Structure formats: structure tokens, C-alpha cells
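Chains as they are written, first to last, in the numbering used here: chain G, 1482 to 1841; chain R, 668 to 936; chain Z, 6 to 313.
Yeah, the Cβ is synthetic: ideal placement off N, Cα and C, and Gly gets one too.
Quantities reported herein were computed from a predicted structural model and do not represent experimental measurements.
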């Protein structure tokens, strides 16, 4: 079912926790809400779940308006951050607990519990208590509890944040596999942009109690809507330059540099913030029209690529580059206009090439 | 080595000193009165005769049964009513919550010993004198129990309560399926405490019971003291030992458990 | 994660527990039985006692005439009451301080690192949960002038009076002794757990420095557990004000009212002498003393709950 969120707002007395969110989540979509702590992403999820009341706006599906319905009437399942397993019940009983008020027959419940445990490969631990399980196994129980309900939408609130890196990677794959096999809608909250990028069909970036951008992972990477998204998505982070385009619309000057350089494409005169992805900032020995002289501060040889750090900028080059700390090099801005991410200095909003280019 | 011996002897001596009244009482309960009267506390005549005599010639069994009925009813009542009230305080927002909470708090400052006159008149007016009702109903709840259980309930992770809410559990289901099972050990501790505290009640049954049929065991001991049997020390000690059975069971069996929760739970607040 | 959430979000979480307005009825439904019982058997009788203390009552306890503070004047003008009040304060202070002191000593002994210390602890805690009535019977036997072991022992040691319960001071000493013994188990357990939470390093450092055991107790244990000591003292004060069964069974308030403690006098005046007005006034005095102690406990100790 399509979940349509319209102008959803949450206020707490004077504080706005979430401001005017609208989005449509498609059936079967893996939809990720990502943002830093306190951005409001969890509040959005909890409003969808019905755990937090809505101040204004609506949540609808084809079935009707959910906004004021109690959680159980929304036909959702949820995986909690700390798993919310009942310590006094066994694994199987915990899964069964999620079926409590669904009006299923006992026989049906038993079948569902068995199936759900099979899906997460926990059949053998059905009679254990949560305490006897590892963190990853506890996470699987929580997943099984959600799966057993056969809800066509599952909400997940930072489900992997309590796991170590290796388990996190493993569970990431596991959740993606389950999503592929079962095809339910997943609404997934995380603060980890890598998790968002690797898992999501679509990502909503939330920051400062507002939606910054909604789009596919590559949308966000290639066309960040503002400086926040540009900086938040991608590791290493975007490089930033302050840029002045001359009145002739053909030349620019970087802040702190005297040189006036030719633009790769004509732009309206004025101030810009320019973002360049590390892989588009080329490290080299030769001085070209877009080159900046730098002294290398640090080098990270990752094998498949080399990261070169200078000041607060970083360049990523495929393969292994022969470069050492303290050497002088040139960082060269890209020639391709697509690799120039221009933002308004005043608002941080993206300035589309169509808007900025003149007389092409 | 010598230091160890001194330490152990010292500790044993202190322990024996503290246990002495109990041990002497137990010993005496196993001896014929004639031996006791002569101060001959040797072990030639050890027997359970005093216990047999106590059971046959005194209403001690009746007393113990009454105490058992009364303490059990009160314990069940407090577990139910205090859990209910504690749940409301822990998990539901309602108007005047602070005021109501304060009301409960205040009752802990008011000694029962100062309320006996009107309470006696109330029970009398209700026709509950010398009845189980009069000895149980006034004690079916306690502010202390409400506080202690509220503390325990607040330790239930809020995520579990949310889960219950998310699954559409009613308050009753949340209490029965989540909160109570989660707080099991505190409930057991509180139940034991309540049972024992009421087993040991003295003043209230003293003024509200008049017949052996309903008289609980603590007041029964006084009754036996007042009667001729008191000269028969062996039998008296046997009855006292019977009155102490729940206490001793707790001491030997449940103490570890009791202590752990005493520390983890209510007392630290 | 949750720790980093902003204030507003954290508040959202907590407010979740508030659920909806309709729940108010559930809340009051859950509270109603307890409130009803407390109203009927705690608040009403307290209020009625207060009202009665300003009235003259007939034999049946029915208030007949408003007399203002006359009952209080009569009570405070009565040497028996003054005796009772003095005895009560002596008894309460003696029992509370001795219990705390001895319990601390026992707790120090029971934290020695020895095998089988568990048995010692069980023995030390043995009076926990014991009924005052049964305890009184045990001690009555020990002090019985004809068959008890203690008078024989005392005589053997050259004590002139072998029946302490028959003389005033002796009776008070015995009652204090029995009460302390009775309270010791609980107090010991509380202090034992407090002591166990004192880091062992302190003692080890002191041990290496050659500090004596007594000095360790005074310099390390007492300061570390002083909040517990204070808490325990107040709890003991409150419990001692309520002592009843020991008095009723062992001395009946005698000899010469020396052990006629306040709680017992309220009972005697009301149910023995049918003097409901003065008994109510005495009950109010008792309430005031206990409420004061409880208030001190709530106000000055971190622990909000006690085992009474």
C-alpha cells in the first residue's frame, strides 16, 4: 500500500520537532530516513507508527486516514532500537507475543512463529531466553517478531545501532535479503549515511527538524539539494570552495587566491559555494588553469584508491598513487560541469546548472 | 593460623550469643517441663512431646491456620491492589497525579497505632469484629507497597511499554503480560515481606478478636500466656516455635533472595 | 543514540507514556480500591482521632461535648503521661542508637574475608522478620525468675536482683535489650549491603599502612556509609515509637509505668480505661512525633522508602 504523508508536523509546546513533511512511500519500497541525532527522523517514524501524536498534517493509505488511529489498527510491524525483547519469554514466545492482538488462531500463530524463525535462521534457538543470545541473534528475534505479523509495512528504528561493525554489515545484508524475498515496504531510520546509501531504494534526509531531500542514493550523491545533503552523503566528504564569478561570466576567482581562472561553462556573475567530490578533485604534479597548489598533509593508501589530504580538502584517486606527506602537489578542479556542485552562499540551496549557466 | 582460629572462635561466639534466645527456646521446646523447672537442660529426654501436647491441648493449630488465612488474603490483596495503583503512577498521565501521589506519601507518616480507636469503631459498626474481614480488609493495600512496586515498574524499559502500546495491548494486558512478569522478583520479595509483616501483626488482632476461632497466632501466644498453660514452659516454647515457622523458613531459604532485592529495590528508592 | 537525542525528542519519548486522555478513567479505576481503603482506614481514623481529641466521649466512644484543648491540658498535666513520654524518648533513643551501633559492628565482622562467612551472616540476620510476640516469649523464658537461665547466671555472677522485670529500671533495660535484639537482623542486613558497596581498596591501603581495625571502622566505614547510618537511625526511631507487643507481653507497661510507652498508653487509655478523648490526644502526640521523624527521613535521606 502507498503511504502518503502530507504536511506532517510535530510540535512540543513551542518547540517544533518536525516541520511540514510530505512524501509518498511506494509499496515494496525500502525507504530510509537518515539524519544526525535529534534531527526529527525518529519522531517521523514514531508518528507513522502511532507512538507519537501528530500536531498537524496527515498520514494516509488507500485504506484511509491513519493519522489518529491507534498503532494496532495501522497494520504495521516495528523493530525497536533495543529490540524490546521480553526477558522472561523464550525466543519463540517473544515472536508469538507480536501476534498477541491480531485475532489469529493458536495453530496459525504456531505456524507463523516457526516460519518467521526459519526466515531469520533461528529455528534451533527457539527455546532459549534472549539473555542467552548474542546481540545479532537478539536482533534476528526482533526481526522475526515483525515478520511473523505479515504486516506489509515494517518500521525499523535504528535497528543495527547496537551491533559491532562486523555484525552490522552482516545484518545489513540479511535485512536486504529479507526485503528482496518478502517484498514488504520497509521504513528504516538510521543516522549512518553509509547504511542509508547501501540499503535504501530511496532516502529521505532529515536535518534541523526539516526534510532536506528525498531521492535515490545516486540522486542524493549526484544532485544534493543543499550543502547539508552534499556534506552528509558521501565519504570522504565533499570539498568546499568559495567562488566569485566575474562580471564577464566567463571567469572566476577562488576565495583567498588572486588568480582569475576561466570557467568550464559560463555562469551568472556573483558569489557561490562550490562543492567537489573527492574523486573529482584530481591530484597531480602539473599546473593547469584549475589547479591549486597544496602541500600534502596526509595520505591514506586504501589499495584500490589513494586519499590525499591537504588542509580541509581531500582528493581520491583510483589505484595507488606515489605521493608522500610534505610533498607539493596540485589539486585540480574538474572540467566537467556535472561535477561542479554550486550552492547559494546565503541559503545553502543547490543552484541548478540551468539556472546558473548563461547563454550556452 | 592462630589468627584464623581466634577470628572463627570470636565470630562463632557472637553468632551463638545472638542465636541464644532462639536456640534455648528450641531446646526447651524439646524437653519435658519437669526438666526445665529443675534447670536440667540435658539431652536425655529430648522429644517432640511438647509439640504433640501443644497441638492436642491448645488451639495453636487453629491460631496458625487463622494467621495463615489472614496473611495470605492480605498478601494477595496487596499484590493486586498495590500493583494496580503502582501501574497507574508509573505509566499513566492523569490530572492531580502529584496530589494523589502526595496523598499516598502522607499515609506513610501516619502511624496505625494512633488510628486504632476510630478504626475499632468502624470495624465494630460494620459488624466485622472477631471476623477475618475485620483483620484483612483494612490492610488490603499499603502506600509502602505502592511505592515499592512503582519503583520496580519504573525499571521496566520504556521500549517494552511502547511495544505493548504498539501491539495494541490494553492497560490490563500491559500490566499482566509485560509489567508484572518483568517485575517478578520484586513481586515475590514484596509478597514475602507482606506475608511476614502481617503474620507478625499483634496490636490490631489484640483489640478485634475475642475467640479462638479467629485469633491469629501472635495474639494466641498472649492468650496462652494468660492461661494456665504458661506454667508449662515446654509447651509454650513449642507454640512459640510454631509461630516462628514462616520466619525461620525465610531465614534459611529465602534470605539470599530477600536481601538481594532489599538492596536492589525498595530501600534504595 | 538516545542519549544524544535533543531535549525535545527525549520529551516526546517520555510523553508517549502519557498516552491519551481517556486513560484518566483507567488510572482512577486502578487507584480507586487503594484510595478507598486508605480513605476509610487511614485518613478517616486519623481525622476522627484529631476531632475526638477535642471532645469528651462516652463509654461507647461517641463524642458528646466539645472541650477544646482540655484533653491536651489534662494529658500534659498527668504525671503518668509525662512519665510515659520521657520513657518513650529514652527507649526510642536507646534502641535506635544501640541497634545502629551493634549492627555496624556486626556488619564489619561479617565482611571479614573468611570461608563460611555466609553462615555467620545468616546467624547475624536471624532476627529479621521475627515477630515481637514470639521474641518476647523467648526472652520471658530466659528471664523467668524460677526457670530462666539468665537469673541463674546473674546470681552466679553476684547480681543482687535476679528478677530485673520486677524493678523499673531493670524492666526498661530488658525491654530495650529485647527490642535491640529484635531489630538487629534487619539493621545488620541493611548495613551489610552498604558495607559491601565500599570499595575494598580503601581497607587494603589502610591495612598496608597498619591502621587498626577500629580506626578503619571510624575513618573509612563510618564516613562511607554515613547516609545509610542516618537512614537506618531514623527508620529505627520510627519503628521504636511503634513498639507494642514487647511491652504488652513482657511488662504490661509496668512496673510503675516505667515501660508504659506512648503507643501502649494510647491502647491502655482507650481500650482499658475507655478514656477516648485523652487517648486521642495522646495518639495525636504520637502521630506528631512519628510524622516528624518520617518527615526528616523523606527530607534528609535519599532513600524514599523503608521497610517498617
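At the C-beta level, residue 1515/G and residue 1671/G come within 8 Å of one another. The C-beta of residue 1559/G comes closer than 8 Å to at least one C-beta of chain R. Looking at 1483/G, 1568/G and 1797/G, the one whose alpha-carbon comes closest to that of residue 849/R is 1568/G. The residue among 1726/G, 1626/G and 1754/G with its C-alpha nearest the C-alpha of residue 1827/G is 1754/G.
Contact with chain R is absent for residue 231/Z, since none of that chain's Cβ atoms lies less than 8 Å from the residue's Cβ.
Among the residues of the region 774-786 of chain R, those with a Cβ less than 9 Å away from any Cβ of chain Z are 774, 775, 776, 777, 778, 779, 780, 781, 782, 783, 784, 785 and 786, in the order of the chain. Scanning chain Z for C-beta atoms nearer than 7 Å to the C-beta of residue 729/R yields nothing, as the closest lies near 16 Å away. Cβ neighbours of residue 1816/G within its own chain (closer than 7 Å, five residues either side excluded): 1745.
Rounded to whole angstroms, the gap between the alpha carbons of residue 168/Z and residue 901/R is 21 Å. Counting C-beta pairs closer than 8 Å gives three or more between the region 902-909 of chain R and the region 676-696 of chain R, which meets the contact rule.
For residue 754/R, there are no neighbours in chain G by C-beta distance under 7 Å, as the nearest C-beta there is about 17 Å away.
Taking 8 Å as the threshold, the shortest C-beta distance from residue 894/R to chain G does not fall below it. Sequence-ordered contacts of the region 830-848 of chain R with chain G read 830, 832, 833, 834, 835, 836, 840, 844, 845 and 848 [C-beta pairs closer than 8 Å]. Residue range 700-704 is occupied by the alpha helix (DSSP H) that includes residue 702/R. For residue 701/R, the closest Cβ of chain Z is not nearer than 8 Å. Each residue's CA atom was taken as its position, placing residue 109/Z and residue 193/Z some 7 Å apart.
The beta carbons of residue 753/R and residue 813/R sit about 5 Å from each other, so the pair counts as a contact at 8 Å.
Interface criterion not met: the Cβ of residue 793/R is under 8 Å from no Cβ in chain G. Near chain R, meaning a CB-to-CB distance below 8 Å, the residues of the region 258-277 of chain Z are 268, 271, 272, 275 and 276.
Within its own chain, the residues whose Cβ lies closer than 6 Å to the Cβ of residue 842/R, once the five positions on either side in sequence are excluded, are 754, listed in chain order. Residue 770/R has its alpha-carbon roughly 48 Å from the corresponding atom of residue 155/Z. For residue 1721/G, the enclosing beta strand (DSSP E) has its first and last residue at 1720-1726. Judged by beta-carbon spacing, residue 861/R lies beyond the 8 Å limit of residue 43/Z, meaning their Cβ atoms are not closer than that value.
DSSP places residue 1487/G in the strand class (E or B) of the three-state scheme.
If you compare the alpha carbons of 1497/G, 1638/G, 1519/G and 1617/G with that of residue 1532/G, the shortest gap goes to 1638/G.
The CB of residue 872/R never comes closer than 8 Å to any CB in chain G; the least such distance is about 38 Å. Here residue 86/Z is not near residue 72/Z, since their CB atoms are 8 Å or more apart.
When 7 Å is used as the limit between beta carbons, residue 900/R is near these residues of chain Z: 146 and 152, in chain order.
By the neighbour-count definition (other C-beta atoms within 10 Å, threshold 16), residue 247/Z is a buried residue.
Within 7 Å of the CB of residue 1551/G, the CB atoms of chain R belong to 835, in sequence order along the chain.
Fewer than three beta-carbon pairs drawn from the region 877-894 of chain R and the region 779-792 of chain R are found closer than 8 Å, and the two stretches are therefore not classed as touching. Between the alpha carbons of residue 136/Z and residue 115/Z lies a distance of about 24 Å.
Fully enclosed beta strand (DSSP E) runs of no fewer than 3 residues occupy 1634-1638 of the region 1633-1670 of chain G, in order along the chain. In this structure, residue 199/Z lies near residue 230/Z, with their beta-carbon atoms less than 8 Å apart. Residue-level contact check: residue 1574/G does not touch chain R, since none of the beta carbons of chain R fall below 8 Å from its beta carbon. Exposed is the label assigned to residue 1605/G, since fewer than 16 other Cβ atoms lie within 10 Å of its Cβ.
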